[in-house]
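Chains as they are written, first to last, in our numbering: chain A, 5 to 301; chain B, 5 to 301.
Every residue gets a Cβ at the ideal spot worked out from N, C-alpha and C, and that includes glycine.
Predicted model, so just to flag it, every value in this text is computed and none were measured.
Protein chains: 2
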Amino acid sequence: MPAPKIHIGPEPADHLVQAVEDGGGRVVGLSEAEAIVWAGPETDFPAELPSSVRWVQLQSAGIEPWVERIRAAPEDVQFTSAVGAYASQVAEHALALLLAGVRGIAGYARARTWDRRDDPVLEGSTVAIVGAGGIGRELIRLLEPHDVQILAVTRSGRDDTIPVERLGEVWGKADHFVIAAPATDGTRHLVGADELAQMRPHAWIVNIARGSLIDQDALVEALRSNKIGGAALDVTDPEPLPDDHPLWNEPRALITPHVANPQQTMDRDLAKRVRANVERFAAGEALIAPISRDQGY
Amino acid sequence: MPAPKIHIGPEPADHLVQAVEDGGGRVVGLSEAEAIVWAGPETDFPAELPSSVRWVQLQSAGIEPWVERIRAAPEDVQFTSAVGAYASQVAEHALALLLAGVRGIAGYARARTWDRRDDPVLEGSTVAIVGAGGIGRELIRLLEPHDVQILAVTRSGRDDTIPVERLGEVWGKADHFVIAAPATDGTRHLVGADELAQMRPHAWIVNIARGSLIDQDALVEALRSNKIGGAALDVTDPEPLPDDHPLWNEPRALITPHVANPQQTMDRDLAKRVRANVERFAAGEALIAPISRDQGY
């Protein structure tokens with residue numbers, strides 16, 4: 005079996021070269037590539053692919069900016085995302101945000117005086133995980149020892165999860181919400197004014213998916229009028245969130261600047277995924293995280 | 005077996021009356037009491053106990069302010085603390101502080117602009133738990149799915165823990181530290197300048213025990229000179245921490261005002277402990293969390 009010829013773009017970063025070689029591949033120029041590992045923005049991606057290319061590995065889990073490019077590419081080119089590769093880091097950050105919100109840490113971090121409030125605890129509460137894919141499943145694992153009830157919402161509704169058609173039942177039932185669904189046309193503003201209105205007054209909503217899943221204006225309104233406990237957002241709409249956005253000054257909002265998947269572990273985790281997929285490509289096996297042209301993720 | 009006569013002071017709060025009765029006891033005035041459930045400050049505690057009293061249940065886990073009173077009481081009066089009763093809430097808060105520190109959330113909560121830093125993750129790190137009693141064991145349970153290495157330090161060194169005599173080895177070995185030891189004469193300033201100097205530059209130290217366990221001046225100095233990653237403190241020395249204390253303005257410090265054990269769950273958890281100990285007292289069984297006169301906890 006000859007080593008598959010892999011192009012790494014836009015630059016052949018050392019950790020990716022190593023990963024390709026560890027996976028049994030050979031790093032080549034674009035013109036002779038059978039596959040491309042693309043660790044850069046979509047705007048720099050080659051407009052025309054050589055006809056030898058069969059597979060393109062992207063570096064991110066969310067692939068909204070790629071959807072048109074993928075649809076425009078020849079049908080026999082399989083794109084793969086990095087879905088799942090960073091799941092454990094992102095789930096860890098989601099738990100950190102959830103605990104920081106519920107236990108009042110966001111507010112205390114800004115205090116300059118000893119002022120006790122009577123915050124709730126996570127123990128004994130019901131947590132809805134909206135979009136229980138790779139990250140959601142990791143989060144469920146991290147929550148296991150916490151004595152919380154989990155309501156996991158998935159597309160399929162398999163394995164004791166709630167199918168997305170019944171998502172409407174969840175908003176009034178859970179104490180807290182973690183949004184972990186992919187961003188597609190169908191999930192835009194999944195959480196809007198109606199959904200926020202059904203939440204309990206102590207509810208915290210955590211978003212580690214994409215900013216577009218929450219109607220941010222409706223969220224600001226819900227926070228200002230004390231309708232919910234708070235919002236802990238690693239993603240916003242748009243990003244970066246402009247300095248004059250009201251969320252920056254909202255006491256019930258906690259914003260982290262899209263750091264759930266930090267650079268230092270991202271390089272390591274992407275390299276691991278590249279190596280695994282190069283091995284599978286070399287062996288003619290199914291690749292991890294294939295992107296469906298129809299569903300856009 | 006007659007119902008044991010229990011006095012509840014300083015006031016017979018409803019949830020404690022219920023707990024005493026559920027445990028098989030009868031609530032009585034102080035003069036005829038065989039036992040006292042004391043849910044108030046030590047300064048209001050009766051200076052002289054009726055000779056009928058055999059047991060006093062206190063409401064807190066840490067009992068430093070009580071040490072002299074306990075030593076002065078007749079030898080045949082057994083005091084019990086609430087050690088362990090609130091462990092799950094406190095451990096949850098400890099994890100919340102640890103994650104908030106390591107993942108940079110304390111800093112982001114204060115930001116008013118989208119400014120990414122490259123924070124570490126908890127996954128893959130080594131966490132030392134100094135004083136692995138009830139709270140420490142709960143925290144170990146919560147950390148189980150996190151893929152961290154635990155270094156648990158206990159007095160005995162039993163069950164794969166590190167005996168306190170070898171505590172000195174730990175400071176340079178762990179990435180992060182959770183202080184969960186009781187406050188005694190022997191644990192005052194357990195973490196001082198020497199210990200801080202041995203920690204790694206990214207190390208976060210979490211204290212959910214008592215403020216006196218850390219030399220706070222040495223800590224301020226270590227934070228100011230970037231010697232450690234940061235400190236997340238639910239307890240300080242003194243409490244409340246005065247408004248002009250430098251920790252309030254230290255970017256690497258996160259302070260919560262002794263809320264690891266919040267009032268709303270504290271009442272519930274104390275009632276549970278009172279009921280259990282009244283049942284044991286009625287049956288002549290060993291009580292939960294007896295206080296040793298010699299060790300002061």
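Item                                                                                                                                                                                 : Value
Any idea what DSSP makes of LYS9 of chain B, helix, strand or coil?                                                                                                                  : strand
Do ASN281 of chain B and LEU291 of chain B have their beta-carbon atoms positioned less than 7 Å apart in this structure?                                                            : yes
Along chain A, which residues have their Cβ under 7 Å away from the Cβ of TRP252 of chain B?                                                                                         : ARG116
Measure the C-alpha to C-alpha separation of GLY105 of chain A and ASP298 of chain B and round it to an integer number of angstroms.                                                 : 41 Å
Taking only beta-carbon atoms, is ILE2 of chain B less than 7 Å away from chain A?                                                                                                   : The question about residue 2 of chain B has no answer here: the residues shown for chain B are numbered 5 through 301.
Which ranges does the alpha helix (DSSP H) cover as unbroken runs of at least 4 residues, wholly within the stretch 144 to 228 of chain B, from first to last along the chain?       : 197 to 202 and 220 to 228
Could you list the residues in the stretch 262 to 285 of chain B with a C-beta less than 8 Å from some C-beta on chain C, going in chain order?                                      : Although the question refers to chain C, the structure presented lacks it and instead comprises the protein chains A and B.
Just to confirm before moving on: does the CB-CB distance between ASP221 of chain A and GLY196 of chain A stay below 7 Å?                                                            : no
Would PRO266 of chain A be called buried (16 or more neighbouring beta carbons within 10 Å of its own) or exposed?                                                                   : buried
Between the alpha carbons of VAL81 of chain B and TRP42 of chain B, how many angstroms are there, rounded?                                                                           : 14 Å
Are there 16 or more other CB atoms within 10 angstroms of the CB of THR191 of chain B, so buried, or fewer, so exposed?                                                             : buried
Just mark ILE277 of chain B as buried or exposed, buried being the case when its beta carbon has 16 or more other beta carbons within 10 Å.                                          : In the sequence as presented, Ile is not what sits at residue 277 of chain B; that position holds Arg. Label assigned to ARG277 of chain B: buried.
When the Cα atoms are used, what is the spatial distance from GLY172 of chain A to PRO45 of chain A?                                                                                 : 36 Å
Under 8 Å between beta-carbons, which chain B residues line up against PRO149 of chain A? List them in chain order, please.                                                          : ARG145, LEU146, GLU148 and PRO149
Over the uninterrupted beta strand (DSSP E) stretch that includes PHE83 of chain A, give me the two end residues.                                                                    : 82 to 84
Under 7 Å, do SER56 of chain A and GLU38 of chain A count as touching if we go by C-beta distance?                                                                                   : yes
What do you get for ALA287 of chain A, buried or exposed, if any count of 16 or more other CB atoms within 10 angstroms of its CB means buried?                                      : exposed
By the three-class DSSP mapping on this structure, what secondary structure does VAL239 of chain A have?                                                                             : coil
Tell me which residues share the same chain as ARG73 of chain B and place their Cβ nearer than 8 Å to its Cβ, disregarding the 5 neighbours each side in the sequence.               : GLU46 and PHE49
To the nearest angstrom, report how far apart PRO205 of chain A and PRO255 of chain A are at their CA atoms.                                                                         : 15 Å
Nearest CA to the CA of GLU15 of chain A: which residue from A:GLU36, A:VAL263 and A:ILE40?                                                                                          : A:ILE40
Roughly how far, in whole angstroms, is the beta-carbon of HIS180 of chain B from the beta-carbon of ALA136 of chain B, given that I think they are within contact range, below 8 Å? : Incorrect: roughly 15 Å between the Cβ atoms, too far for contact.
Taking its Cβ as the centre, do 16 or more other Cβ atoms sit within 10 Å of ALA51 of chain A, making it buried, or is it exposed?                                                   : exposed
According to DSSP, LEU62 of chain A sits in a beta bridge with which residue or residues?                                                                                            : A:TRP42
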